[in-house]
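Under the numbering used here, think of the first position of the sequence shown as 6, with each following residue one higher.
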Amino acid sequence: MTESVVTEQTEMRLMQWALGELSEQERRELEAEIARSPELARAAARVADDLGAVPLALEPVAPPPALRERVLASVGKTSRFSRFVARLAELISVTKDKAQALIDGIDEATSFEPSMVPGISLYHLEGGAAVANAIVGFIRIKPGVSFPHHTHLGEEIAYVVQGSYRDSSGAIVRAGDEVRMDPETDHELTALEGPDLIYLAVSYDGIRIGVIEFKPGDPRL
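Set out below in structure tokens:
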């Protein structure tokens, strides 16, 4: 019988990863392991889902008692997205307190709305004056689902806070990475195996999908 790679120690590392408590090097090493191991990828998705459910249900899948106590204590002390707050505040021109409240909204069931593409949902954000002419929000994409090929009408910034994706250029983008695209550049992206991909998108002047343009304030979004 093959021994499971998901030990209690591994579960704890996955919890720390989902809570954003690993160093940059530790995060990249663990995500490389996840990419190589389907079993570990499934465990990572389960851990992310369990942590996402804690604020709503407070009844996660029962891990070993000592591990459960450590995890719940960590959740009580910090948001799992805390490491992204400072940069989020800068990107959408709001205070850190406002950014914290917005990013914590990711775990609220009512924040995301379905998009026109199955497997993709949108969480619209209101930023400061610096992003008044931009579409601003978090995009959530299920693993294996692609955001359609599109053209940027202005500069676009993507800042990943959970999961990872493969760009049509072949680049792999992971949590903590920030990607800038110039006006009139185009691409598509596909969410990779693991937890749902969630990233902040700041699209100045909007985007074009096929011949249809979506501008800031468009009611179709």
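Here a beta-carbon is modelled for each residue, glycine too, at the ideal position from N, C-alpha and C.
Computed from a predicted structure; not experimentally measured.
In three-state DSSP terms, what is residue i?
i: Phe143; result: strand
i: Pro200; result: coil
i: Leu205; result: strand
i: Arg227; result: The structure shown does not extend to residue 227, since the chain is modelled only from 6 to 226, so the question has no answer here.
i: Val59; result: Only weak support exists for where Val59 lies, its pLDDT of 44 falling under 50; the value from the coordinates is given anyway. Here Val59 sits in helix by DSSP.
i: Phe219; result: strand
i: Ser87; result: helix
i: Ser79; result: Note that Ser79 scores 49 on pLDDT, short of 50, meaning its location in the model is unreliable; the coordinates nonetheless yield the value given after this. If DSSP states are grouped into helix, strand and coil, Ser79 belongs with the helices.
i: Trp22; result: helix
i: Arg171; result: strand
i: Ala137; result: coil
i: Glu131; result: coil
i: Leu35; result: helix
i: Val11; result: coil
i: Leu226; result: coil
i: Leu27; result: coil
Short of 8 Å in beta carbon distance, which residues of its chain neighbour residue i, apart from the five on each side in sequence? Order them along the chain.
i: Ala134; result: Ser98
i: Ala91; result: Lys101 and Ala104
In the DSSP output, which residue or residues are listed as bridge partners for residue i?
i: Ile111; result: Beta-bridge pairing links Ile111 to no other residue.
i: Ser42; result: For Ser42, which the question treats as bridged, DSSP gives no partner whatsoever.
i: Asp191; result: Thr156
i: Ala163; result: Val184 and Ala206
i: Pro119; result: Ser126
i: Ile212; result: His157 and Phe219
i: Ser98; result: Partner(s): none; Ser98 has no beta bridge.
i: Ser151; result: Thr195
Near residue i, which residues of its chain fall below 7 Å by C-beta distance, leaving aside the five closest residues on each side in sequence?
i: Ser126; result: Phe117, Glu118, Pro119, Ser120 and Arg145
i: Glu38; result: Leu45
i: Ala23; result: Val52, Ala53, Leu56 and Arg85
Kindly list the residues whose CB is nearer than 6 Å to the CB of residue i, restricted to its own chain and excluding five residues on each side of it in sequence; keep chain order.
i: Ser84; result: Asp109
i: Thr190; result: His157
i: Met227; result: For residue 227 there is no data in the structure shown, the boundaries of the chain being 6 and 226.
i: His1; result: With the chain covering only 6 through 226, there is no way to say anything about residue 1.
i: Pro148; result: Ala196 and Glu198
i: Pro60; result: Only weak support exists for where Pro60 lies, its pLDDT of 43 falling under 50; the value from the coordinates is given anyway. Here the set comprises Asp112.
i: Asp182; result: Val165
How do the region 102-112 and the region 168-179 stand: do at least 3 beta-carbon pairs fall below 8 Å, yes or no? no
Count the CB pairs spanning the region 8-22 and the region 142-161 that are closer than 8 Å, and state whether there are at least three. no
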